[in-house]
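Report on the structure given below.
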Amino acid sequence: MVTDKAGGQTIREALDGLISRLEKTSDVPGLDAQVLLARLLDRPRSWVLAHPEAPLTGNRFAALEALVARREGGEPLPYILGTWEFFGLEFEVTPDVLIPRPETELLVEQAINWLRKLGPGRRELRVLDVGTGSGCIAISLAVNVPGISITATDISPAALKVALCNAEKMDVSGCITFLEADLFPNPLISDPFTLIVANPPYIPTKTLHKIPVYGREPTLALNGGSDGLALIRRILAKAPNRLDSGGLLLMEIEASEGPAVYSLASDAFTKARIHLHKDLAGHDRLLEVQV
Ligand code: GLN
Numbered sequence: 029m030v031t032d033k034a035g036g037q038t039i040r041e042a043l044d045g046l047i048s049r050l051e052k053t054s055d056v057p058g059l060d061a062q063v064l065l066a067r068l069l070d071r072p073r074s075w076v077l078a079h080p081e082a083p084l085t086g087n088r089f090a091a092l093e094a095l096v097a098r099r100e101g102g103e104p105l106p107y108i109l110g111t112w113e114f115f116g117l118e119f120e121v122t123p124d125v126l127i128p129r130p131e132t133e134l135l136v137e138q139a140i141n142w143l144r145k146l147g148p149g150r151r152e153l154r155v156l157d158v159g160t161g162s163g164c165i166a167i168s169l170a171v172n173v174p175g176i177s178i179t180a181t182d183i184s185p186a187a188l189k190v191a192l193c194n195a196e197k198m199d200v201s202g203c204i205t206f207l208e209a210d211l212f213p214n215p216l217i218s219d220p221f222t223l224i225v226a227n228p229p230y231i232p233t234k235t236l237h238k239i240p241v242y243g244r245e246p247t248l249a250l251n252g253g254s255d256g257l258a259l260i261r262r263i264l265a266k267a268p269n270r271l272d273s274g275g276l277l278l279m280e281i282e283a284s285e286g287p288a289v290y291s292l293a294s295d296a297f298t299k300a301r302i303h304l305h306k307d308l309a310g311h312d313r314l315l316e317v318q319v
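In the numbering used here, each residue carries its 1-based index in the sequence shown increased by 28.
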C-alpha cells in the first residue's frame, strides 16, 4: 500500500514501490510510475525525475492508490489519465476511442509534407479522414496546415463526440466536419477529396483475441476481420472514385500486410504510383497511393 506510510517517503521511494507493483501489468512500469506520480503531484514528468529526494506529503495518496489499482487491473494508462499526447498535442481519450499510437505520426508527417508542397492557395485542399476515432489525425493536420477543409467520419457516435471535443479544445472545429458514416461519406453530399487518410482497423481477429489491448480498447477500431484486410479492401475499392486527379491516399497498415496491401492497391488503382513506407522499427506501416 502506498497510502499512509507514503507520508514519510521520498519520490524515489514512492517510484520504487510503484514500479514493483506495476511490473506484473505493464511493459514499461518505470514510465507508468513516473507518469502516475506526475499526475498526482500536478507536475511534469521531468520534475518528478529531477527531484528524487523530495519528500511526499501523505494527503493525496488515496487518489494515487485509486489510479494505481486501475493500472494494476490492466486498464491502459491513457484511459486512466484521460489524455494522451500525439504529434505534440494533448488529446482527450476515453474507452470509446483507440489510443493514438506513435507509429501513426508517420502518416501525419507524410500528409503534412505533401499538403505543404501543394502550396497554399493553389486550390481548395479537401481532406477526408476515414474512421477518425479520437480525431488525432484530422486535428493534427488542421493544426499544422492552415486553410485545409477536412471531413472526418466514424461509424461510432461515441467516438465522434470525443473527436469533436478534441477539435474544440485545439480550436480547429471550424475546419473539420464530423460525420457519422461507415467509412466514406455519402457521395451525393461530398466532392472528391485531394487527400484521403485512414488508420483503419487492421488486426486479424484471431491475433486480436490474443493481445492485451483486446477488450480494453474498442474492438471496432482494431478488428480487421479474418485476414486483417476487410476494411482496407473496402477502402481501396471506393477510394479511386473519391479522389481528385493528382490526389493522394495514405493508409496505415499492419507490419505483415505490406505485400498483400500493395497488391490490393495495384488492383484498385491501375495507373497510380504506389509506395510502402516503413516505420521507425523498419516495418511496413504506411501505404501511399498517388493518382
Ligand atoms: N496500431 C494498433 C495496434 O497495434 C492497431 C491500430 C489499428 O488497427 N488501426 O494496436
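Beta carbons: idealized from backbone N, C-alpha and C, even for Gly.
These numbers come from a predicted model, not from an experiment.
Expected contact under 8 Å - CB spacing of residue i and residue j to nearest Å
| i | j | result |
| --- | --- | --- |
| Leu65 | Pro57 | Rounded, the Cβ-Cβ distance is 12 Å, inconsistent with contact. |
| Ile176 | Cys193 | That belief does not hold up - the Cβ atoms of Ile176 and Cys193 are roughly 21 Å apart, past 8 Å. |
| Arg313 | Ala293 | The pair is not a contact, with the Cβ atoms about 14 Å apart (cut-off 8 Å). |
| Ala78 | Thr38 | Incorrect: roughly 13 Å between the Cβ atoms, too far for contact. |
| Met279 | Pro228 | 7 Å |
| Asp210 | Ile183 | 5 Å |
| Val158 | Ile224 | 7 Å |
| Leu117 | Met198 | 6 Å |
| Arg71 | Leu109 | Arg71 to Leu109, Cβ: 14 Å. No contact. |
| Glu285 | Leu257 | 6 Å |
| Pro287 | Pro123 | Not quite, the Cβ-Cβ distance comes to about 34 Å (not below 8 Å), so this is no contact. |
| Leu95 | Ala139 | Going by Cβ atoms, the distance from Leu95 to Ala139 rounds to 35 Å, so no, they are not a contact pair. |
Cα-Cα separation between residue i and residue j, rounded to whole angstroms
| i | j | result |
| --- | --- | --- |
| Val200 | Lys234 | 38 Å |
| Leu207 | Val289 | 27 Å |
| Ile263 | Arg151 | 25 Å |
| Leu43 | Ala61 | 6 Å |
| Leu69 | Val76 | 9 Å |
| Ala97 | Pro106 | 14 Å |
| Phe119 | Arg261 | 29 Å |
| Thr222 | Ile127 | 27 Å |
| Leu259 | Ser48 | 41 Å |
| Val136 | His237 | 28 Å |
| His305 | Leu277 | 13 Å |
| Val317 | Ser74 | 41 Å |
| Gly45 | Gly102 | 18 Å |
| Phe89 | Glu41 | 14 Å |
| Ala226 | Ala187 | 15 Å |
| Glu196 | Ala180 | 14 Å |
| Val125 | Tyr242 | 13 Å |
| Gly147 | Pro80 | 49 Å |
| Leu156 | Gly252 | 20 Å |
| Ile217 | Lys145 | 28 Å |
| Arg301 | Val63 | 43 Å |
| Pro185 | Tyr230 | 21 Å |
| Pro232 | Thr205 | 30 Å |
| Leu315 | Leu59 | 32 Å |
Reference residue i; option with closest CA among the options
| i | options | result |
| --- | --- | --- |
| Pro130 | Ser294, Pro185 and Trp112 | Trp112 |
| Ile167 | Ala296, Ala191, Leu216 and Arg301 | Ala191 |
| Ile53 | Asp182, Leu77, Leu92 and Pro104 | Note that residue 53 is Thr in the sequence shown, not Ile. Checking every option, the nearest Cα to that of Thr53 belongs to Pro104. |
| Gly163 | Tyr242, Ser273 and Ala249 | Ala249 |
| Arg154 | Pro185, Glu137 and Gly274 | Gly274 |
| Asp255 | Ile281, Asp210, Gly102 and Thr122 | Ile281 |
| Lys266 | Phe297, Phe114 and Leu236 | Phe297 |
| Asn269 | Pro232, Asn172, Phe212 and Asn251 | Phe212 |
| Pro215 | Ile165, Ile302, Leu271 and Pro185 | Leu271 |
| Leu171 | Thr160, Phe115, Trp142 and Gly110 | Here residue 171 is Val; the residue named in the question, Leu, does not match the sequence. Of the listed residues, the one whose Cα sits closest to Val171 is Phe115. |
| Leu143 | Leu188, Thr122, Gly36 and Ile178 | Ile178 |
| Arg244 | Val121, His311 and Gly45 | Val121 |
| Lys299 | Val319, His311, Arg99 and Ala226 | Val319 |
| Leu18 | Ser291, Arg301, Gly36 and Thr247 | No information on residue 18 is available, as it lies outside the stretch 29 to 319 that the chain covers here. |
| Ile24 | Thr247, Thr132 and Lys189 | For residue 24 there is no data in the structure shown, the boundaries of the chain being 29 and 319. |
| His311 | Arg99, Leu134 and Asp55 | Leu134 |
| Thr160 | Lys145, Lys189 and Asn141 | Lys189 |
| Glu100 | Asn141, Pro80 and Asp55 | Asp55 |
Which of helix, strand or coil DSSP assigns to residue i
| i | result |
| --- | --- |
| Asp70 | coil |
| Asn84 | In the sequence under discussion, the amino acid at residue 84 is Leu, which differs from the Asn named in the question. Correct three-state label for Leu84: coil. |
| Ile239 | coil |
| Lys33 | Its pLDDT being 46, under 50, Lys33 is placed unreliably by the model, and nothing is read from it. |
| Val317 | strand |
| Leu367 | In the structure as shown, the chain begins at 29 and stops at 319. Residue 367 is therefore absent and cannot be evaluated. |
| Glu41 | helix |
| Glu245 | strand |
| Ile47 | helix |
| Ile302 | strand |
(message) As an exercise, report each continuous alpha helix (DSSP H) stretch of at least 4 residues that is fully enclosed by the stretch 172-233, in chain order.
(response) List check, alpha helix (DSSP H) in window: 185-197.
(request) Only counting runs of 4 or more residues, tell me where the alpha helix (DSSP H) segments fall wholly within the stretch 98-166, in order along the chain. (result) DSSP runs (the alpha helix (DSSP H)) wholly in the stretch 98-166: 105-109 and 133-146.
(message) To test your reading of the DSSP string, which unbroken alpha helix (DSSP H) runs of 4 or more residues are found completely within the stretch 255-300?
(response) Taken in chain order, the whole alpha helix (DSSP H) runs of length 4 or more contained in the stretch 255-300 are 258-270 and 286-296.
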